[in-house]
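Novice: One structure coming up, written as structure tokens, with questions to follow.
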Amino acid sequence: MNLSISSSEQTELDLLKRSVETFCKQEVAPYYSTWEEKGMVPREFWNKLGEQGFLLAEVPEEYGGLGASFLYSTTIIESFCRHGYSSIAANLSVHDTILANYFLQYGTEEQKKYYLPRMISGELVGAIAMTEPGAGSDLQRINTTANFDEGLNGYVLNGSKTFITNGQHCDFAIVVAKTKSDVKPSKGISLFIVDTRKNGFTKGKNLEKIGLHACDTSELYFEDILLDDRDILGEVNQGFSILMNELPRERLIVANCAVACMEGVLTDTVTYVKERELFGTTLDQFQHTQFTLAELQTKVRVQRSFANECTTGCIEGNLDTATASMAKLSCTEVQGEVIDRCLQLFGGYGYMLEYPVARAYADARVQRIYGGTSEVMKLIISRELLSK
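In structure tokens:
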């Protein structure tokens with residue numbers, strides 16, 4: 112990966128990649144098309160991921176994890192992308208690299224000891240509920256509330272969320288809610304850990320999407336759910352700051368996934384053009400094909416270099432918001448271009464869903480939307496640039 116890592120760590124990462132590859136061949140490939148049709152992986156699949164040690168690698172050993180670096184988590188998730196299983200990568204990204212870090216950075220010792228070991232085993236699946244029908248990239252517009260009731264000595268949660276990854280399988284959700292209405296939204300938002308078994312918690316239908324079909328995505332509804340101080344993640348009214356602090360990491364994993372998807376599709380395309388016969392020769396013998404592949408390989412290598420730079424920054428703790436936004440913007444935009452041009456080389460077969468390139472094409476479209484749209488990334492980058 113051309114990162115500053117030791118030879119022993121590189122060996123471990125190579126073994127990890129092979130382990131994921133073997134797992135995909137045995138536990139994913141035979142069933143993935145069925146999961147795509149059903150709109151989600153089976154619930155027991157999470158337990159299999161836990162058994163293989165593919166969940167929450169960064170969590171310290173005292174909570175049941177490996178105590179590894181971010182590089183291990185992203186390697187696992189990227190490996191699923193590279194083999195064409197972006198839906199699983201999306202599920203994992205939320206549960207693993209996002210939620211686990213929320214607990215590690217802001218959770219109480221009681222919260223860490225309860226949730227982290229169960230998330231590692233796959234016993235508990237998590238979701239993060241930010242987006243609402245009227246509030247996407249602009250989280251300050253959320254309407255979900257958690258008002259403190261002195262008589263009940265707790266917070267009463269009401270509202271709804273949409274486009275929630277892991278929404279069908281989740282056993283708990285970190286819910287973003289307004290806890291103070293007489294201040295700026297950025298000063299009055301809190302995060303709550305909400306068990307799906309609580310009275311008033313309802314899961315909506317599994318939403319139909321253009322791509323990522325096997326990644327369950329749902330609406331969630333909250334009606335008079337009673338919560339107490341033990342359910343708060345971090346400090347009251349500090350939720351917006353927490354979200355902003357964690358977004359660079361979230362956007363980096365989107366960027367890394369984009370690059371891994373490109374790498375996987377490009378590898379499949381090279382194999383295909385060597386085998387596809389046309390006008391008495393194979394497709395790879397045409398100069399147009401050669402030039403196209405040369406351009407695409409160059410684009411992918413450039414994006415990989417930038418993604419690796421940002422990954423190093425994340426591990427060292429100095430990845431800033433603007434740089435992470437550049438990575439997400441650049442890698443996802445190039446992902447769309449690269450996969451589109453690879454699909455073109457497949458001709459009519461590229462339009463058939465039985466070919467992984469078609470699925471990759473559909474799956475890639477949301478990359479420029481979730482985690483902050485490309486347009487929002489441009490705003491963040493330009494504001495940082497113009498403020499200097």
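The numbering used here applies: residue 112 is where the sequence shown begins, and numbers increase by one. For every residue, glycine included, the Cβ atom is placed at its ideal position computed from N, Cα and C.
If you run the structure through DSSP and keep just helix, strand and coil, what is residue 294?
Specialist: Residue numbering aside, residue 294 sits at position 183 when the sequence shown is read from its first letter. Coil at residue 294, not helix or strand.
Novice: Quick check on DSSP: helix, strand or coil for residue 482?
Specialist: Start at 1 with the first residue of the sequence shown, and residue 482 comes out as number 371. It is coil, neither helix nor strand.
Novice: Shortest alpha-carbon distance to residue 502 belongs to which of 174, 193, 157, 137?
Specialist: Beyond the ends of the chain as shown, which are 112 and 499, falls residue 502; an answer cannot be given.
Novice: Can you find the residues in the same chain that come closer than 7 Å, C-beta to C-beta, to residue 112, ignoring five residues on each side of it along the sequence?
Specialist: Translated into the one-based positions of the sequence shown, residue 112 becomes position 1. Summary for residue 112: the model assigns pLDDT 46, below 50, so the residue's position carries little reliability; its value from the coordinates is reported in the next sentence. So the qualifying residues of the chain are 419.
Novice: For the alpha helix (DSSP H) that residue 187 lies in, which residues bound it at each end?
Specialist: As a working note, residue 187 is residue 76 in the sequence shown. Unbroken alpha helix (DSSP H) run through residue 187: 181-193.
Novice: What number of angstroms, rounded off, separates the C-alpha of residue 314 from the C-alpha of residue 399?
Specialist: Here residue 314 refers to the residue found at position 203 of the sequence shown. Here residue 399 refers to the residue found at position 288 of the sequence shown. Each residue's alpha carbon lies about 50 Å from the other.
Novice: Where does residue 145 land, buried or exposed, given buried means 16+ other C-beta within 10 angstroms?
Specialist: Here residue 145 refers to the residue found at position 34 of the sequence shown. Answer is exposed; the Cβ neighbour count stays below 16.
Novice: Among the candidates 253, 282, 390, whose CA atom is the shortest distance from the CA of residue 269?
Specialist: Start at 1 with the first residue of the sequence shown, and residue 269 comes out as number 158. When each option's Cα is compared against that of residue 269, the closest is 253.
Novice: Residues bridged to residue 136 by DSSP?
Specialist: For the purposes of this step, residue 136 is identified with residue 25 of the sequence shown, where counting begins at 1. In DSSP, residue 136 forms no bridge with anything.
Novice: Where does residue 214 sit, in a helix, a strand or coil, going by DSSP?
Specialist: Reading the sequence shown from its first residue, position 103 is the one you call residue 214. Helix at residue 214.
Novice: Can you tell me whether residue 282 is helix, strand or coil according to DSSP?
Specialist: Stepping through the sequence shown from its first residue, residue 282 is reached at position 171. Reduced to three states, the DSSP call for residue 282 is coil.
Novice: Measure the alpha-carbon distance for residue 386 versus residue 475 and round it to whole angstroms.
Specialist: For the purposes of this step, residue 386 is taken as the residue at position 275 of the sequence shown. For the purposes of this step, residue 475 is taken as the residue at position 364 of the sequence shown. If you take the alpha carbons of residue 386 and residue 475, they lie about 25 Å apart.
Novice: Could you check where the beta strand (DSSP E) with residue 375 kicks off and where it finishes?
Specialist: Your numbering for residue 375 matches position 264 in the sequence shown. Not the beta strand (DSSP E): residue 375 falls in the alpha helix (DSSP H), residues 350-386.
Novice: Evaluate residue 140 with the Cβ neighbour count: other Cβ atoms within 10 Å of its Cβ, from every protein chain shown; 16 or more gives buried, anything less gives exposed.
Specialist: On the sequence shown, position 29 is the one that residue 140 refers to. Answer is exposed; the Cβ neighbour count stays below 16.
Novice: Quick one: measure Cβ to Cβ for residue 461 and residue 469, integer angstroms, because I've assumed they're closer than 8 Å.
Specialist: As a working note, residue 461 is residue 350 in the sequence shown. As a working note, residue 469 is residue 358 in the sequence shown. Right, their Cβ atoms sit about 6 Å apart.
Novice: Rounded C-beta distance between residue 278 and residue 197? I'm assuming under 8 Å.
Specialist: Position 167 of the sequence shown, counting from 1, holds the residue named residue 278. Position 86 of the sequence shown, counting from 1, holds the residue named residue 197. Residue 278 to residue 197, Cβ: 17 Å. No contact.
Novice: May I ask you to report which of helix, strand or coil DSSP gives residue 257?
Specialist: Here residue 257 is taken as the residue at index 146 of the sequence shown, counted from 1. The answer is strand: DSSP assigns residue 257 an E or B state.
Novice: Label residue 341 either buried or exposed according to how many other C-beta atoms from any shown protein chain fall within 10 Å of its C-beta, with 16 as the threshold for buried.
Specialist: As a working mapping, residue 341 is identified with position 230 in the sequence shown. When all chains shown are included, residue 341 counts as exposed.
Novice: Relative to the C-alpha of residue 257, which candidate in 311, 182, 288 has its C-alpha closest?
Specialist: The count along the sequence shown starts at 1 and reaches residue 257 at position 146. Measuring from the Cα of residue 257, the nearest candidate turns out to be 288.
Novice: To the nearest whole angstrom, what separates the beta carbons of residue 411 and residue 377, a pair I think is in contact under 8 Å?
Specialist: Mapped onto the sequence shown, residue 411 falls at position 300. Mapped onto the sequence shown, residue 377 falls at position 266. Indeed they touch by this definition, with Cβ atoms about 6 Å apart.
Novice: Between the beta-carbon of residue 404 and the beta-carbon of residue 381, is there less than 8 Å?
Specialist: Along the sequence shown, one-based indexing puts residue 404 at 293. Along the sequence shown, one-based indexing puts residue 381 at 270. Yes, these two residues count as a Cβ contact at 8 Å.
Novice: Using the DSSP secondary-structure output, state which residues sit across from residue 498 in a beta bridge.
Specialist: Here residue 498 refers to the residue found at position 387 of the sequence shown. Residue 498 pairs with nothing; no bridge assigned.
Novice: Helix, strand or coil, according to DSSP, for residue 271 in the structure here?
Specialist: Walking along the sequence shown from the start, residue 271 turns up at place 160. Strand.
Novice: Taking the alpha-carbon of residue 226 as reference, which of 240, 183, 174 has the nearest alpha-carbon?
Specialist: For the purposes of this step, residue 226 is taken as the residue at position 115 of the sequence shown. Cα-wise, what sits closest to residue 226 is 174.
Novice: Identify whether residue 303 lies in helix, strand or coil by the three-state DSSP scheme.
Specialist: Counted from its first residue, the sequence shown places residue 303 at position 192. Strand at residue 303.
Novice: Check whether the Cβ atoms of residue 263 and residue 285 lie closer than 8 Å to each other.
Specialist: Within the sequence shown, numbered from 1, the residue matching residue 263 stands at position 152. Within the sequence shown, numbered from 1, the residue matching residue 285 stands at position 174. No, the Cβ-Cβ distance between residue 263 and residue 285 is not below 8 Å.
Novice: Per DSSP, residue 199 forms a beta bridge with which residues?
Specialist: Along the sequence shown, read from residue 1 onward, the residue named residue 199 stands at position 88. Bridge partners of residue 199: none, in fact.
Novice: Decide yes or no for the touch test of the segment 205-224 against the segment 332-348: beta carbon pairs closer than 8 Å, at least 3 of them.
Specialist: The answer is yes - the segment 332-348 touches the segment 205-224, with three or more Cβ pairs under 8 Å.
Novice: Put residue 335 into one of helix, strand or coil per three-state DSSP.
Specialist: Within the sequence shown, numbered from 1, the residue matching residue 335 stands at position 224. Residue 335 falls in the strand class under three-state DSSP.
Novice: Can residue 202 and residue 326 be called in contact, C-beta distance under 8 Å?
Specialist: By 1-based counting over the sequence shown, the position of residue 202 is 91. By 1-based counting over the sequence shown, the position of residue 326 is 215. Yes, the pair counts as a contact, with Cβ atoms nearer than the cut-off.
Novice: Does DSSP put residue 240 in a helix, in a strand, or in coil?
Specialist: Counted from its first residue, the sequence shown places residue 240 at position 129. Residue 240 falls in the strand class under three-state DSSP.
Novice: One question on the structure: do residue 515 and residue 134 come within less than 8 Å of each other, judged by their Cβ atoms?
Specialist: Nothing about residue 515 can be reported from this structure: the residues present for the chain run from 112 to 499 only.
Novice: Please state whether DSSP places residue 115 in a helix, a strand or coil.
Specialist: Start at 1 with the first residue of the sequence shown, and residue 115 comes out as number 4. It is coil, neither helix nor strand.
Novice: Are there 16 or more other CB atoms within 10 angstroms of the CB of residue 233, so buried, or fewer, so exposed?
Specialist: Counting from one through the sequence shown, the residue named residue 233 turns up at place 122. Buried, by the Cβ-count rule.
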